[in-house]
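> If you scroll down you'll find the structure; I have some questions about it.
Residue numbers (the numbering used here): 1 to 217.
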């Protein structure tokens, strides 16, 4: 339930070969910057290096008020809207939406991910067609600054200080929810609005609150 294989269809990201090196998705966080720097010069001619180490597909739409920090890759037919803040180390797939006042940092967004309204996503990996409702965010650092541990059926130390959320394919996160450091949400699961989520949410589930997670029927 925690593994890359169980969470993601790797046919929907340029990072497929890179991710196959690892068992767990958080293991890939440290190398996202280097991944982008190695991928960028190899991209097909439909990508343009619009500034040093920033590659944008020619069919993508980027608002003039958006900030694109290096290194990053923005895929085909992706829309980066007004005042989006891409701090860097962001691999954004095809058909994505990065919306108004959204901030991204050290992330992999698979194809057709939507973070369309006032989201912060840092040190996270979002699977195919994952969607974060307005105002929902990933919290990527614990208040005591200790190393993040994934809390599920067993505790899995990450050895990393900054770990956001790992969202499987087709995950839906409700508006104004907070995903605490090291949250893992399985494929096809939904999170109610205004939730404070920590630990692991199984695949095909509905997260209503911490003590009320039900399987979809």
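All C-beta atoms in this analysis are idealised placements derived from N, C-alpha and C, irrespective of residue type, glycine included.
Would you decide whether residue 82 is buried or exposed? Buried here means 16 or more other CB atoms lie within 10 Å of its CB.
Numbered from its first residue, the chain shown carries residue 82 at position 82. Counting every other CB atom within 10 Å of its CB across the protein chains shown gives residue 82 a total below 16, marking it as exposed.
> Please say whether residue 157 and residue 163 have beta carbons closer to each other than 8 angstroms?
In the chain shown, counting from the first residue as 1, residue 163 sits at position 163. In the chain shown, counting from the first residue as 1, residue 157 sits at position 157. Cβ atoms of residue 163 and residue 157: not closer than 8 angstroms.
> Using the C-alpha atoms, what's the distance from residue 182 back to residue 144?
For this step, residue 144 is matched to residue 144 along the chain shown. For this step, residue 182 is matched to residue 182 along the chain shown. Cα to Cα, the separation comes out at about 14 angstroms.
> Report yes if the CB atom of residue 50 is closer than 8 angstroms to the CB atom of residue 66, and no otherwise.
As a position in the chain shown, residue 50 is number 50, starting the count at 1. As a position in the chain shown, residue 66 is number 66, starting the count at 1. No, they are not a contact pair.
> Within the same chain, show all residues whose beta-carbon is closer than 6 angstroms to that of residue 135, passing over the 5 residues directly before and after it, in chain order.
As a working note, residue 135 is residue 135 in the chain shown. These residues qualify, in order along the chain: 118, 175 and 176.
> Between which two residues does the alpha helix (DSSP H) carrying residue 33 extend?
Here residue 33 corresponds to residue number 33 of the chain shown, with the count starting at 1. Looking at the DSSP string, the run of the alpha helix (DSSP H) that includes residue 33 is 32-39.
> Taking only the alpha-carbon atoms, compute the straight-line gap between residue 14 and residue 216 and give it to the nearest angstrom.
Taking the first residue of the chain shown as position 1, residue 14 is located at position 14. Taking the first residue of the chain shown as position 1, residue 216 is located at position 216. Each residue's alpha carbon lies about 31 angstroms from the other.
> Where in the segment 75-123 do unbroken runs of the alpha helix (DSSP H), each at least 4 residues long, occur, reported from the N-terminal end onward?
none
> Sort out for me which residues DSSP pairs residue 209 with in a bridge.
For the purposes of this step, residue 209 is taken as the residue at position 209 of the chain shown. Beta-bridge annotation (DSSP): residue 209 is paired with 212.
> Does DSSP put residue 160 in a helix, a strand or coil?
As a first step, residue 160 is located in the chain shown; it is residue number 160 there, counting from the start. Note: residue 160 maps to coil in three-state DSSP.
> Touching or not, the segment 104-114 and the segment 2-20, by the rule of three or more beta carbon pairs under 8 angstroms?
The segment 104-114 makes contact with the segment 2-20, as at least three CB pairs between them are under 8 angstroms.
> Assuming residue 106 contacts residue 123 under a Cβ cut-off of 8 angstroms, what Cβ separation, rounded to an integer in Å, is found between them?
Position 106 of the chain shown holds residue 106. Position 123 of the chain shown holds residue 123. At roughly 5 angstroms, the Cβ-Cβ gap stays under 8 angstroms, so residue 106 and residue 123 are in contact.
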